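Just so you know, we're using this note's numbering here: the sequence shown kicks off at 143 and counts up by one.
Heads up, the beta-carbon is just placed ideally off N, CA and C, and yes, glycines get one too.
Remember, predicted model here, so these are calculated numbers, not experimental data.
First the structure, in the form of structure tokens, and then the observations on it.
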Amino acid sequence: MGHDHSHGHKQNKKALLISFLFIFTFMIVEVIGGIITNSLALLSDAGHMLSDAAALGLSLAAFYIGEKASDKGKTYGYKRFEILAAFINGITLILVSLYIFWEAYHRFIDTPMVSPGMMVIAVIGLVVNIIVAWILMRGDTEHNLNVRSAFLHVLGDLLGSVGAIAAGLLIYFFNWNLADPIASVMVAILIVVSGWRVTKDSIHILMEGSPKGIDTQDVMNSLAAIPGVIEVHDLHVWCITSEFTALSCHVVVENEVNRDTMLLRLSAFLEEVYGIHHSTIQVEGKSVTEGHHHVCT
């Protein structure tokens, strides 16, 4: 298990590094191309790629920072930097999209001439996005929030490139320059959706929300159903990062139950059924709990 996690960790870092280099390089090409061809669609797509490059850079930094060992001040280490990176990324995406909406609004009122040469750069962008999407698919898009969000952003970029190509075709064949701000609005909508998803997921983790796919009541009922267990209370399940789930709870058992044996059984059960590898369980005897409740009341 540890070997698999380490292998996945290295694969995620490699996928993010290569993707970052691809996205950052082409972002510069799109900015230059957008200025030369006077295309908001290209500039907006470059803005999206800038946020993607920043997200990939932050995600990459999060992997390196997260590898720092825990200390007295940070007992979980620096693993949560991954979630902070995702949060910053989500907010940036939303701000970029608002700027694109604002620029598109002005272009709807006063539509400038746009060079159909934007389509050539958009086609290259489409190819780059397909390559990067394929690279990121080799990472852990299912469990790692940063890799998954980067993959969703690249898909958004990919569709943005398709929109820019469509706008270029409409401008070339029908001289319909309004297609450019329309395409940019479509890209902005994709950015808002991606930004909101990442922001919402990162806030959920930062607020110690229960992990997706884990029903705390179901966990409590399952533990309570184990022979020898009387009651489960003060149960909390949360994420340190999108790949590190933790649990703590109090379990009341029959007085004759061996508590060490029960602790091992409960920990193994949580790991096997729910994939929770980090659990802190306080096993209490029935008589101790009754006395505790008596004092509290």
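Asked, Found
"Just to confirm, is the Cβ distance from residue 181 to residue 322 under 8 Å?", "yes"
"Helix, strand or coil: how does DSSP classify residue 458 here?", "This structure cannot settle anything about residue 458, because the visible part of the chain is limited to 143 through 439."
"By a C-beta neighbour count over all protein chains shown, 10 Å radius and 16 as the cutoff for buried, is residue 252 buried or exposed?", "exposed"
"Identify the continuous beta strand (DSSP E) that holds residue 252 and give its terminal residues.", "Premise fails: residue 252 is in no beta strand (DSSP E) and is neither H nor E."
"To the nearest angstrom, how far is the alpha carbon of residue 189 from that of residue 389?", "40 Å"
"What are the partner residues of residue 205, as DSSP defines its beta bridges?", "Partner(s): none; residue 205 has no beta bridge."
"Using the Cα positions of residue 143 and residue 417, report the straight-line distance between them to the nearest angstrom.", "For residue 143, the pLDDT reaches just 45, beneath the cut-off of 50, and the residue's location in the model is therefore unreliable, although a value from the coordinates is still provided. Looking at the two C-alpha atoms, the distance is approximately 11 Å."
"With H, G and I counted as helix, E and B as strand and the rest as coil, what does DSSP make of residue 306?", "helix"
"Hey, out of 275, 329, 351, 406, whose CA is closest to residue 157's CA?", "275"
"If you reduce the DSSP assignment to three classes, tell me which class residue 395 lands in.", "strand"
"Return the first residue and the last residue of the alpha helix (DSSP H) that residue 414 is part of.", "401–416"
"Apart from the five residues just before and just after residue 422, which ones in its own chain have a Cβ nearer than 6 Å to its Cβ?", "390"
"Could you check the C-alpha separation between residue 236 and residue 333 for me, to the nearest Å?", "7 Å"
"Can you give the Cα-Cα distance for residue 343 and residue 196, rounded to whole angstroms?", "18 Å"
"Which residue comes first and which comes last in the beta strand (DSSP E) that contains residue 419?", "Per DSSP, residue 419 belongs to no beta strand (DSSP E) and is neither H nor E."
"Along the chain, which unbroken stretches of the beta strand (DSSP E) at least 3 residues long are found entirely within the stretch 280–359?", "none"
"Answer yes or no: does any C-beta atom of chain D fall closer than 8 Å to that of residue 262?", "Absent from the structure: chain D. Only one protein chain is present."
"With a CB to CB cut of under 6 Å and the five nearest residues on each side skipped, what residues in its chain are close to residue 309?", "183, 321, 322, 325"
"Grouping DSSP H, G and I as helix and E and B as strand, with all else coil, what is residue 368?", "coil"
"For residue 185, which option in 404, 424, 169 has the closest C-alpha, if you only look at C-alpha atoms?", "169"
"For residue 380, which residues does DSSP report across the bridge?", "388"
"Closest to residue 329 by C-alpha separation, out of 193, 242, 162, would be which residue?", "242"
"For residue 374, which beta-bridge partners are listed by DSSP?", "393"
"From residue 394 to residue 376, what does the alpha carbon distance come to, in whole angstroms?", "11 Å"
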